[in-house]
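Asker:
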Amino acid sequence: MAIAFTFPGQGSQVVGMGKDLAQTFSSAKAVFDEVDEALGEKLSTTIWEGPEAALTLTEHTQPALMATSMAVMAVLNSEYGIDVQAASHVAGHSLGEYTALAAAGAISLTDTAKLLRHRGQAMQRAVPVGMGTMAALLGATEEQAIALCNIGSEHGVCELANDNAPGQVVISGATNAIKAAADAAKEHGVKKAVILPVSAPFHSSMMEPAAQEMAEALADVAIRTPIVPVVTNIEAAPTINPQTIRRLLVEQITGRVHWRQSVAWMVGNGVDTFVEPGSGKVLTLLVRRISKESKGFALNTAPTIAEFATAFNAEAQS
2 MAIAFTFPGQ GSQVVGMGKD LAQTFSSAKA VFDEVDEALG EKLSTTIWEG
52 PEAALTLTEH TQPALMATSM AVMAVLNSEY GIDVQAASHV AGHSLGEYTA
102 LAAAGAISLT DTAKLLRHRG QAMQRAVPVG MGTMAALLGA TEEQAIALCN
152 IGSEHGVCEL ANDNAPGQVV ISGATNAIKA AADAAKEHGV KKAVILPVSA
202 PFHSSMMEPA AQEMAEALAD VAIRTPIVPV VTNIEAAPTI NPQTIRRLLV
252 EQITGRVHWR QSVAWMVGNG VDTFVEPGSG KVLTLLVRRI SKESKGFALN
302 TAPTIAEFAT AFNAEAQS
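Numbering (the working numbering), first residue to last: 2 to 319.
1) According to DSSP, simplified to helix, strand and coil, what is Val-288?
2) Taking the continuous alpha helix (DSSP H) assigned at Ala-183, which residues delimit it?
3) Do Ala-104 and Val-85 have their C-beta atoms within less than 9 Å of each other?
4) Name the two residues that bound the continuous alpha helix (DSSP H) containing Asn-314.
5) What residues are listed by DSSP as bridge partners for Gln-169?
6) Can you find the residues in the same chain that come closer than 8 Å, C-beta to C-beta, to Ala-216, ignoring five residues on each side of it along the sequence?
7) Helix, strand or coil, according to DSSP, for Lys-30 in the structure here?
8) May I have the straight-line CA-CA distance separating Val-371 from Asn-242, to the nearest angstrom?
9) Are three or more beta carbon pairs between the segment 93 to 102 and the segment 65 to 77 nearer than 8 Å?
10) Can you have a look at Thr-233 and say buried or exposed, based on whether 16 or more other CB atoms are within 10 angstroms of its CB?
11) For a quick check, are the C-beta atoms of Pro-88 and Val-264 less than 9 Å apart?
12) For Pro-278, report the span of its beta strand (DSSP E) as first-last.
13) May I ask which residues mark the beginning and end of the beta strand (DSSP E) holding Gly-93?
14) Looking at Ser-95 and Gln-1, is the spacing between their C-beta atoms short of 9 Å?
15) Rounded to a whole number of angstroms, what is the C-alpha to C-alpha distance between Gly-82 and Val-76?
16) Taking DSSP as the reference, what is the three-state secondary structure of Val-320?
17) Locate the beta strand (DSSP E) running through Gly-297, then write down its first and last residues.
Dropping the structure here:
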């Protein structure tokens with residue numbers, strides 16, 4: 002079993018995530034406690050009790066998802082002796098890249114929580130609410146998505162934001178531009194265009210003010226060499242170089258998430274099992290679309306963690 006840990010991004014959050022783990026395992030509770038302390042507030046209360054509208058504010062969502070994933074990693078280690086070094090690589094989707102870096106020891110948990118709080122606030126400040134949005138193009142090829150972006154660009158910024166899996170591309174930009182592209186989807190052979198319920202045009206050039214803010218924030222943070230290579234969103238290739246990591250985290254704010262290519266690179270370099278610690282199973286489902294031969298485990302409850310640990314240890318002993 003050659004594994005990679007992959008960490009989810011925005012959209013995977015749900016009220017109550019990680020609560021059972023924190024109530025059952027002191028190692029999980031310690032993660033949430035440290036994040037609460039880092040942020041100077043009880044983010045854990047928002048995570049576990051809501052309201053949903055508060056959790057979906059990007060400044061809360063980003064550190065909340067990271068905390069939940071790191072709590073799962075803590076349980077995996079404390080209860081089953083499996084740590085990040087069981088993987089050959091780590092990766093994360095958008096904000097999940099920060100979680101991957103924290104899991105690999107490149108950035109402390111406290112610094113990661115603070116960075117993600119700042120990242121969420123900076124991304125929201127970058128574009129007034131209502132001025133930007135995103136749309137998922139279902140059944141679209143990259144070429145079709147580019148053609149629709151060309152149409153949308155007549156009305157404002159319209160760019161490829163996420164290449165998630167075959168048949169799932171996300172575009173981002175000015176609201177009018179994205180709507181124009183979405184309206185033209187069917188006549189360009191795209192099955193469906195869905196305007197996403199997001200508060201800003203993430204991973205587009207409209208996020209440049211946020212990128213500048215994050216460059217300043219990251220300049221003051223210690224980034225160590227990760228103990229496991231991190232496959233980055235921007236390059237869809239691994240790195241362990243702290244200065245490269247710092248640069249790519251800034252570029253990621255305005256740049257495209259190459260998730261399909263990242264998974265393909267890992268598969269091509271021996272990974273056969275993808276493990277998604279945290280909330281939901283979005284990345285596990287995307288992996289199935291990218292590589293049907295790969296196995297996937299979504300770890301979000303005590304039973305799912307135990308199931309993976311049993312499979313991992315059984316293979317290790319065989």
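The beta-carbon is built from N, C-alpha and C at its ideal position, and this holds for glycine as well.
Answerer: Taking the geometry as given:
1) Counting from one through the sequence shown, the residue named residue 288 turns up at place 287. Reduced to three states, the DSSP call for Val-288 is helix.
2) The residue given as residue 183 occupies position 182 in the sequence shown. Counted as a single uninterrupted DSSP element, the alpha helix (DSSP H) harbouring Ala-183 occupies residues 176 to 184.
3) Position 103 of the sequence shown holds residue 104. Position 84 of the sequence shown holds residue 85. In this structure, Val-85 lies closer than 9 Å to Ala-104 by Cβ.
4) As a first step, residue 314 is located in the sequence shown; it is residue number 313 there, counting from the start. Unbroken alpha helix (DSSP H) run through Asn-314: 303 to 318.
5) Indexing the sequence shown from 1 puts residue 169 at position 168. DSSP lists Leu-139 and Ala-166 as partners of Gln-169.
6) By one-based count along the sequence shown, residue 216 stands at place 215. Excluding positions up to five away in sequence, the list reads Val-251.
7) Translated into the one-based positions of the sequence shown, residue 30 becomes position 29. Lys-30 falls in the helix class under three-state DSSP.
8) Nothing can be reported for residue 371: it is not among the residues displayed for the chain, which extend from 2 to 319.
9) When C-beta atoms of the segment 93 to 102 are compared with those of the segment 65 to 77, three or more pairs fall below 8 Å, so the two segments count as touching.
10) Within the sequence shown, the letter at position 232 stands for residue 233. So Thr-233 ends up on the buried side.
11) By one-based count along the sequence shown, residue 88 stands at place 87. By one-based count along the sequence shown, residue 264 stands at place 263. Residue identity check: residue 88 is Ala in the sequence provided, not Pro. In this structure, Ala-88 lies away from Val-264, with their beta-carbon atoms at least 9 Å apart.
12) Here residue 278 is taken as the residue at index 277 of the sequence shown, counted from 1. Element bounds for Pro-278: 274 to 278.
13) Working through the sequence shown from its first residue, we reach residue 93 at position 92. Counting along the chain, the beta strand (DSSP E) containing Gly-93 begins and ends at 88 to 93.
14) Outside the displayed span of the chain (2 to 319) sits residue 1, for which this structure offers no information.
15) Numbered from 1 along the sequence shown, position 81 holds the residue referred to as residue 82. Numbered from 1 along the sequence shown, position 75 holds the residue referred to as residue 76. Annotation: Gly-82 to Val-76 spans about 9 Å, alpha carbon to alpha carbon.
16) One cannot answer for residue 320 here, as it falls past the ends of the chain, which runs 2 to 319.
17) Sequence index remark: in the sequence shown, residue 297 carries index 296 (1-based). 296 to 300 is the span of the beta strand (DSSP E), which, as asked, contains Gly-297.
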